[in-house]
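Residue numbers (this note's numbering): 18 to 136.
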């Protein structure tokens, strides 16, 4: 008898809730000061979200194509990467959002602003 449940299955079950999937990705996009992005970790997280939200909605061919687009998307730079990420996420029922950062001293003047810009 196994002493623990498989983590991946539990993660995918949890990520089927779009709000949880959004927070999960948000935590992978945020970096601490001086921290470098880890493309492999980001790809893994986005693949997990695609598995949870995409597989039930897409045919197996569409799902595989969507995962291939992820590889291409991560190789882009600049504005193409941002707009392609927004399109990739939209296919999963998510959207890319920019919000005012309220946790730094430089942005204390903007702390009262609660509006968000969505792409």
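Virtual Cβ for every residue (Gly too), placed ideally from N, Cα, C.
I want to check one thing, is the minimum distance from the CB of residue i to the heavy atoms of the ligand GDP below 6 Å?
{"i": "residue 104", "result": "Because no ligand of any kind appears in the structure shown, any question about the ligand GDP cannot be addressed here."}
Express the C-alpha separation of residue j and residue i in angstroms, rounding to a whole number.
{"i": "residue 93", "j": "residue 21", "result": "39 Å"}
{"i": "residue 73", "j": "residue 29", "result": "12 Å"}
{"i": "residue 77", "j": "residue 83", "result": "10 Å"}
{"i": "residue 69", "j": "residue 33", "result": "5 Å"}
{"i": "residue 97", "j": "residue 71", "result": "22 Å"}
{"i": "residue 111", "j": "residue 23", "result": "26 Å"}
{"i": "residue 85", "j": "residue 52", "result": "27 Å"}
Hey, could you find the ends of the alpha helix (DSSP H) residue i is sitting in?
{"i": "residue 66", "result": "56-66"}
{"i": "residue 104", "result": "96-107"}
{"i": "residue 92", "result": "77-92"}
{"i": "residue 43", "result": "35-46"}
Mapping DSSP to helix, strand and coil, what is residue i?
{"i": "residue 128", "result": "With a pLDDT of 45 at residue 128, under the threshold of 50, the modelled position of that residue is not reliable, and the figure given next carries that caveat. Note: residue 128 maps to coil in three-state DSSP."}
{"i": "residue 117", "result": "coil"}
{"i": "residue 23", "result": "coil"}
{"i": "residue 71", "result": "helix"}
{"i": "residue 32", "result": "helix"}
Below 7 Å CB to CB, which residues in the same chain sit around residue i once its five sequence neighbours on both sides are set aside?
{"i": "residue 58", "result": "45"}
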